[in-house]
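Each remark here refers to the structure printed beneath this line.
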Amino acid sequence: MAAVVAASVLPPLSERPMKNTVVLFDVDETLTPARRAVAPEMLQLLSALRHKVAIGYVGGSDFAKQQEQLGTTTIPVTTLFDFCFAENGLVAYRMGQPLASHSFIKWIGEDNYKKLVRFLLHYVADLDIPIKRGTFVEFRNGMINVSPIGRNASNQERAEFNAYDLEHHIREKFIEAVKKEFPDLGLTYSIGGMISFDVFPNGWNKTYCLQHIENEKNLPGGVEYTTIHFFGDKTSPGGNDYEIYDDPRTIGHSVKGPADTMAQLKELFDL
Ligand code: M1P
387 MAAVVAASVL PPLSERPMKN TVVLFDVDET LTPARRAVAP EMLQLLSALR HKVAIGYVGG
447 SDFAKQQEQL GTTTIPVTTL FDFCFAENGL VAYRMGQPLA SHSFIKWIGE DNYKKLVRFL
507 LHYVADLDIP IKRGTFVEFR NGMINVSPIG RNASNQERAE FNAYDLEHHI REKFIEAVKK
567 EFPDLGLTYS IGGMISFDVF PNGWNKTYCL QHIENEKNLP GGVEYTTIHF FGDKTSPGGN
627 DYEIYDDPRT IGHSVKGPAD TMAQLKELFD L
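Taking my numbering, the leading residue of the sequence shown gets 387, the next gets one more, and so forth.
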């Protein structure tokens, strides 16, 4: 029901009442609980917001996970947002159509990548943690995601690893070891979720997606977005929302979870 409302007919971007405003959202713990599905109430609110302004999300995860969390089996996530930015905007859709993007493997090159992945997998092999599952390195278009426990961990196992990591700093130590081994690769290491960290070229953080927003004015009949709001939960230095939250091009809003996002949206946009 909520998704049906969310997918209802909308004014084109150039005819939205606040047409120079775009509102961008982080996904995990901003629109949804971590790695869980969005609530129908959130979709309803986003639909109401979308009748006033342009909306988009920018997540570190790959597009498939965002489709799982924000869309349904019958509703593509690209119909629910004007802009969909997966992998920090390295995979991007505008009004349902894909935009051109860079790739991590082209940037780093096969030889450097082989050295990096060799080190990562050796490190995981030697790591003594309570349990391990599978998929320790996930290869994506704009980054790789590295998980000491493995991405196949269940929700229960994810929570247990997260608690263990808080105490033992497994991911922080792992990142320090990679940095020491590869001081010159120009990579950023970002802990955005519960069981893993993302690795991408310096500068390919969430601010990457802003170039797509800024390019809108150059499209035929395009809109110049002079006001860019961003809502995220990991907005402190070191968090993966920090750079875009702190960017001079955005108005940053820090949230404590999806319920807080909804409360702040209602107040700010009179919804
Ligand atoms: O969106 C935040 C992070 O979500 C996942 O992290 P984890 O599986 O560790 O909870 C990953 O998709 C990660 O890439 C992403 O940054």
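Where is the CB? At the ideal position from N, CA and C, for every residue including glycine.
Residue i and residue j closer than 7 Å at C-beta
i	j	result
Asp-627	Gly-618	yes
Ile-494	Lys-518	no
Ala-420	Met-529	no
Phe-525	Ser-533	no
Val-477	Asn-548	no
Gly-669	Thr-464	The first residue shown for the chain is 387 and the last is 657, placing residue 669 beyond what the model contains.
Tyr-594	Gly-475	yes
Lys-438	Pro-403	yes
Gly-625	Glu-415	no
Val-424	Leu-417	yes
Glu-567	Phe-505	yes
Leu-657	Ala-472	no
Gly-638	Phe-616	yes
Gly-608	Glu-600	no
Ile-614	Thr-636	yes
Tyr-611	Asn-406	yes
Ala-440	Leu-399	yes
Arg-436	Leu-396	yes
Local Cβ density within 10 Å of residue i, reported as buried at 16 or more and exposed below that
i	result
Arg-480	buried
Gln-455	buried
Met-447	What sits at residue 447 in the sequence shown is Ser, not Met. So Ser-447 ends up on the buried side.
Val-585	buried
Asn-591	buried
Ala-486	exposed
Ser-489	exposed
Asn-588	exposed
Ser-582	buried
Met-387	Low confidence applies here, because Met-387 scores a pLDDT of 40, under 50, leaving its location unreliable and the question unanswered by this model.
Glu-427	exposed
Asp-468	buried
Gly-578	buried
His-598	buried
Ala-511	exposed
Val-413	buried
Lys-565	exposed
Residues bridged to residue i [DSSP beta-bridge criterion]
i	result
Thr-613	Thr-407
Asn-531	Glu-524 and Asp-584
Val-477	Ala-472
His-508	Note: His-508 sits in no beta bridge, so no partner.
Thr-418	Asp-414
His-639	Phe-617
Ser-576	Asp-584
Leu-485	Ala-478
Min CB distance residue i to chain C below 7 Å
i	result
Asp-551	Absence of chain C from the displayed structure is noted, only one protein chain being present.
Quiz: which residues have CB nearer than 6 Å to the ligand M1P non-hydrogen atoms
Val-413, Asp-414, Ala-420, Arg-421, Gly-445, Gly-446, Ser-447, Lys-451, Asn-531, Gly-578, Gly-579, Met-580, Ile-581, Ser-582, Asp-584 and Asn-626
As an exercise, report each continuous beta strand (DSSP E) stretch of at least 3 residues that is fully enclosed by the region 423-474, in chain order.
440-444 and 469-472
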